[in-house]
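Colleague: For reference, the structure I am asking about is given below.
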Amino acid sequence: MVSKLKTSLAALGLSTALATSMVSGAFAAAHETPLTGDLVIFSDMSNPAPRAVMEGMVARFKEMNPDLNIELTIIDREAYKTQIRNFLTANSPDVANWYAGNRMAPYVDAGLFEDISDVWEGDMSENLASTKGALTIDGKQYGVPYTYYQWGVYYRKDIYDQYGLSEPEDWETLKSNCQTLLDNGVKCFTIGTKFLWTAAGWFDYLNMRTNGFDYHMKLTAGEIPWTDEGVKKTFANWRELIDMGAYIDNHTAYSWQEALPFMLNGEAAAYLMGNFAVAPMREGGLTDDQLDYYQFPTITPDTPKGEDAPTDTFHIPSSAKNKENAKAFLKFVTSAENQTLINAGDALGQLPVNAQSSVDDDKFLKEGFDVLSNKAPGGIAQFFDRDAPAEMAKVAMEGFQEFMVRPDNIDRILDRLENARERIYK
Numbered sequence: 000m001v002s003k004l005k006t007s008l009a010a011l012g013l014s015t016a017l018a019t020s021m022v023s024g025a026f027a028a029a030h031e032t033p034l035t036g037d038l039v040i041f042s043d044m045s046n047p048a049p050r051a052v053m054e055g056m057v058a059r060f061k062e063m064n065p066d067l068n069i070e071l072t073i074i075d076r077e078a079y080k081t082q083i084r085n086f087l088t089a090n091s092p093d094v095a096n097w098y099a100g101n102r103m104a105p106y107v108d109a110g111l112f113e114d115i116s117d118v119w120e121g122d123m124s125e126n127l128a129s130t131k132g133a134l135t136i137d138g139k140q141y142g143v144p145y146t147y148y149q150w151g152v153y154y155r156k157d158i159y160d161q162y163g164l165s166e167p168e169d170w171e172t173l174k175s176n177c178q179t180l181l182d183n184g185v186k187c188f189t190i191g192t193k194f195l196w197t198a199a200g201w202f203d204y205l206n207m208r209t210n211g212f213d214y215h216m217k218l219t220a221g222e223i224p225w226t227d228e229g230v231k232k233t234f235a236n237w238r239e240l241i242d243m244g245a246y247i248d249n250h251t252a253y254s255w256q257e258a259l260p261f262m263l264n265g266e267a268a269a270y271l272m273g274n275f276a277v278a279p280m281r282e283g284g285l286t287d288d289q290l291d292y293y294q295f296p297t298i299t300p301d302t303p304k305g306e307d308a309p310t311d312t313f314h315i316p317s318s319a320k321n322k323e324n325a326k327a328f329l330k331f332v333t334s335a336e337n338q339t340l341i342n343a344g345d346a347l348g349q350l351p352v353n354a355q356s357s358v359d360d361d362k363f364l365k366e367g368f369d370v371l372s373n374k375a376p377g378g379i380a381q382f383f384d385r386d387a388p389a390e391m392a393k394v395a396m397e398g399f400q401e402f403m404v405r406p407d408n409i410d411r412i413l414d415r416l417e418n419a420r421e422r423i424y425k
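Numbering that gives the first Met the number 0 puts the first residue of the sequence shown at 0, with every later residue one more than the last.
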C-alpha cells in the first residue's frame with residue numbers, strides 16, 4: 000500500500016508549534032534562509048508510530064520553510080525493500096529511507112547514493128560518531144542516521160514470577176526456565192518467520208554468544224566457511240531449543256506483528272526482538288509491571304558479548320533533483336533536538352544517535368542504553384541482513400527458517416550456504 004500526500008500543517012492535522020520551537024534553533028544556526036522549491040521524500044516508515052514520526056518531521060520542516068513544496072510518499076516497509084532499486088534508477092526522490100552497513104553498500108557501489116561527506120563536516124561528525132563507520136565507504140559518507148535501537152529478550156515478568164523464574168544470565172538457566180514454562184503449558188518464545196529476518200535475529204545472538212562478535216563479523220564478511228565447526232556449534236545450541244519445543248507452532252505463517260498476540264495473551268512468555276516491539280506490546284494491554292527486558296545470556300563463558308543495534312538512515316539518491324534542499328533536511332533530521340523528540344517513548348521509542356540528545360525517561364530505553372553503552376564489550380552489529388551482502392543474507396535466512404522447521408536438514412542447509420558463500424564473495 001502506498002499513500003501519497005502533499006504535506007501541510009492543515010492536511011496533517013498536527014499542532015507542531017511546541018515541537019518546532021525545540022528544533023528550530025539548531026536548524027536555523029546551520030541554515031538561516033528559509034528554503035524554496037521542491038523536496039520529494041520516499042519513506043518506509045509505514046507502521047503507525049513511525050509513520051506519525053515521519054509525518055511530524057515533515058510538518059515541522061515545512062513550518063520552518065513555508066515556501067518549500069514537500070511531497071512525502073510512504074510505502075509499506077516490506078514492499079519498499081523490493082522497490083528501492085527501481086525508484087533509485089528512475090524518477091528518484093530527493094531523500095530516501097534505508098539502512099546502514101552492507102545494506103547500503105550495493106547502492107553506493109552502483110552509484111545510486113550521493114556522497115554527502117560535506118553534510119558530516121563540523122559537529123555532526125563528532126555527535127554521530129557511533130554510527131559514522133557504518134555509513135562510510137572508502138572514507139566517504141553516504142547517509143545519516145536518525146535512530147537506532149537495542150535488541151534483546153522482552154518477557155512477561157508476571158509469568159516468570161508466577162513460576163519462580165529469574166532473568167537468565169547463562170545458557171543453562173535459559174533452558175531450565177524454558178523447561179519450566181513448557182511443563183506448565185507456556186511456550187518459551189513467540190516468533191513469526193513469515194518474513195525471514197526474525198530468524199536471523201536468533202542466529203545473530205546464538206552465534207555471537209557461542210563464538211564471539213569477531214567470529215560473527217568474519218562469517219558475515221565471507222571469511223569463515225558455513226561448514227566450520229563453530230557454525231555447527233551455533234546450530235547445535237539452537238537445536239536444543241527447537242527440540243524442546245521452545246517456539247510457538249506454525250511460526251512460518253506469522254509476521255512479527257502477528258506473533259505478538261501469543262505473548263499478549265500469555266501463550267508464550269518472551270520475544271527476542273528489537274525495541275520497536277515495545278509500543279505494540281503496550282498498546283496490546285501489557286503494563287510495564289508485566290513486561291520486562293533482559294540481555295541475551297552468555298553461552299560460551301568468557302566470550303565478550305556483542306549486540307545487535309540496527310541503525311536506520313536517510314540517503315540522497317545520486318539522481319535527486321533538489322540536493323541542497325535534501326541536505327538541509329538531513330541536517331535537520333540529525334539535530335540533537337529533533338532526535339530527542341522523535342526517539343521519545345511516545346514516538347519511535349528508540350535511542351537517538353546524536354550524542355547531544357537526551358534519552359527518554361522510559362525503562363526499556365534506559366536498559367537498552369545501558370546495555371549498548373556498558374554491557375557490549377564485544378561490539379555492535381547492524382543485524383544479519385545488514386552485515387552480510389543482500390544475496391548471502393537471503394540464502395542464509397531461508398536456511399535459518401528451514402532449520403527451525405526441519406532441523407534434521409542441517410548438513411544440507413550448511414552445504415547450500417557454503418556453496419553460496421564461495422560464489423557470492425568470490
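Yeah, the Cβ is synthetic: ideal placement off N, Cα and C, and Gly gets one too.
Would you mind stating whether residue 233 and residue 205 have Cβ atoms separated by less than 7 Å?
Modeller: Against a cut-off of 7 Å, the Cβ pair of residue 205 and residue 233 comes out as a contact.
Colleague: Spell out whether any CB of chain C is found under 7 Å from the CB atom of residue 107.
Modeller: As a matter of chain content, chain C is missing from the structure shown, which is built from one protein chain.
Colleague: Decide if residue 278 is buried, meaning its Cβ has at least 16 other Cβ atoms within 10 Å, or exposed.
Modeller: Residue 278 should be labelled buried.
Colleague: Look up residue 380 in the DSSP assignment and say whether it is helix, strand or coil.
Modeller: In the structure shown, residue 380 sits in a strand (DSSP, three-state: E or B).
Colleague: Could you check the C-alpha separation between residue 89 and residue 110 for me, to the nearest Å?
Modeller: Going by the C-alpha atoms only, they are around 13 Å apart.
Colleague: So, for residue 183: in the same chain, excluding its five sequence neighbours on each side, which residues have a beta-carbon less than 7 Å away from its beta-carbon?
Modeller: Same-chain partners within the cutoff: 162.
Colleague: Which residues in the same chain have their Cβ closer than 8 Å to the Cβ of residue 33, if we skip the five residues on either side of it in sequence?
Modeller: Closer than 8 Å at Cβ, skipping near neighbours: 63, 64, 65, 66 and 67.
Colleague: Just the Cα atoms here: how many angstroms apart are residue 210 and residue 73?
Modeller: If I take the Cα positions, the gap works out to 40 Å.
Colleague: What I want to know is whether the C-beta of residue 199 ends up closer than 6 Å to one or more non-hydrogen atoms of the ligand SAM.
Modeller: The ligand SAM is not among the ligands present in this structure, which contains no ligands whatsoever.
Colleague: Secondary structure at residue 225, three-state DSSP: helix, strand or coil?
Modeller: Coil at residue 225, not helix or strand.
Colleague: Please go through the same chain and pick out, in chain order, the residues whose beta-carbon is closer than 7 Å to the beta-carbon of residue 409, but skip the five residues on each side of it.
Modeller: These residues qualify, in order along the chain: 234 and 402.
Colleague: What runs of the beta strand (DSSP E), each 3 residues or longer, lie entirely inside the region 30-95?
Modeller: The qualifying runs are 36-42 and 67-74.
Colleague: Check residue 125 in the structure and name its three-state DSSP category.
Modeller: Residue 125 falls in the helix class under three-state DSSP.
Colleague: Taking only the alpha-carbon atoms, compute the straight-line gap between residue 155 and residue 276 and give it to the nearest angstrom.
Modeller: Approximately 13 Å between the Cα atoms of the pair.
Colleague: In three-state terms, what does DSSP make of residue 218?
Modeller: If DSSP states are grouped into helix, strand and coil, residue 218 belongs with the helices.
Colleague: In chain order, what residues of the same chain have a beta carbon less than 6 Å from the beta carbon of residue 292, not counting five sequence neighbours either side?
Modeller: For residue 292, where only same-chain residues beyond five positions count, the Cβ hits under 6 Å are 151, 153, 363 and 366.
Colleague: By the three-class DSSP mapping on this structure, what secondary structure does residue 203 have?
Modeller: In the structure shown, residue 203 sits in a helix (DSSP, three-state: H, G or I).
Colleague: Between which two residues does the beta strand (DSSP E) harbouring residue 181 extend?
Modeller: Looking at the DSSP string, residue 181 is not in any beta strand (DSSP E); the run it does join, the alpha helix (DSSP H), is 170-182.
Colleague: From residue 253 to residue 247, what distance separates their C-alpha atoms?
Modeller: If you take the alpha carbons of residue 253 and residue 247, they lie about 10 Å apart.
Colleague: Which residue comes first and which comes last in the beta strand (DSSP E) that contains residue 166?
Modeller: Careful: residue 166 lies outside any beta strand (DSSP E) and carries neither H nor E.
Colleague: Under 7 Å, do residue 229 and residue 214 count as touching if we go by C-beta distance?
Modeller: For residue 229 and residue 214, yes; Cβs fall inside 7 Å.
Colleague: Any idea what DSSP makes of residue 306, helix, strand or coil?
Modeller: Strand at residue 306.
Colleague: Within 10 angstroms of its Cβ, does residue 28 collect 16 or more other Cβ (buried), or is it exposed?
Modeller: In this prediction, residue 28 scores a pLDDT of 45, lower than 50, which makes its location untrustworthy; no coordinate-derived value is stated.
Colleague: Quick one: residues in its chain with C-beta nearer than 7 Å to the C-beta of residue 412, no 5 flanking neighbours on either side, listed in chain order?
Modeller: Same-chain partners within the cutoff: 398, 401 and 402.
Colleague: Smallest Cα separation from residue 180: which of 159, 250, 197 and 168?
Modeller: Among 159, 250, 197 and 168, the Cα nearest to that of residue 180 belongs to 159.
Colleague: I'd like the list of long-range same chain contacts for residue 416, defined as Cβ closer than 7 Å, with 5 residues on each side in sequence excluded.
Modeller: Taken in chain order, the residues that qualify are 225, 394, 395 and 398.
Colleague: Excluding five sequence neighbours on each side, which residues of the same chain lie with their C-beta closer than 8 Å to the C-beta of residue 268?
Modeller: 154, 155, 158, 159, 180, 185, 186, 187, 188 and 262, listed in sequence order.
Colleague: Just the Cα atoms here: how many angstroms apart are residue 389 and residue 198?
Modeller: In a straight line, the C-alpha of residue 389 is about 16 Å away from that of residue 198.
Colleague: Can you look up residue 140 in the DSSP assignment and give me helix, strand or coil?
Modeller: Reduced to three states, the DSSP call for residue 140 is strand.
Colleague: Give the secondary structure of residue 424 by DSSP, where H, G and I count as helix, E and B as strand, and everything else as coil.
Modeller: Residue state, collapsed to three classes: helix.
Colleague: Sorted by chain position, which residues of the same chain lie with C-beta nearer than 7 Å to residue 287's C-beta, five sequence neighbours on each side aside?
Modeller: Excluding residues within five positions, the ones whose Cβ falls inside 7 Å are 362.
Colleague: With a threshold of 8 Å on Cβ separation, who are the neighbours of residue 243 within its own chain once the five nearest residues in sequence on each side are excluded?
Modeller: Excluding sequence neighbours, residue 243 sits near 174, 177, 178, 181 and 187.
Colleague: So is residue 419 buried or exposed if we call it buried at 16+ other beta carbons inside 10 Å?
Modeller: So residue 419 counts as buried.
Colleague: Along the chain, which unbroken stretches of the beta strand (DSSP E) at least 3 residues long are found entirely within the region 288-343?
Modeller: Taking only runs of at least 3 residues, the beta strand (DSSP E) segments lying wholly in the region 288-343 are 290-293, 305-307 and 310-314.
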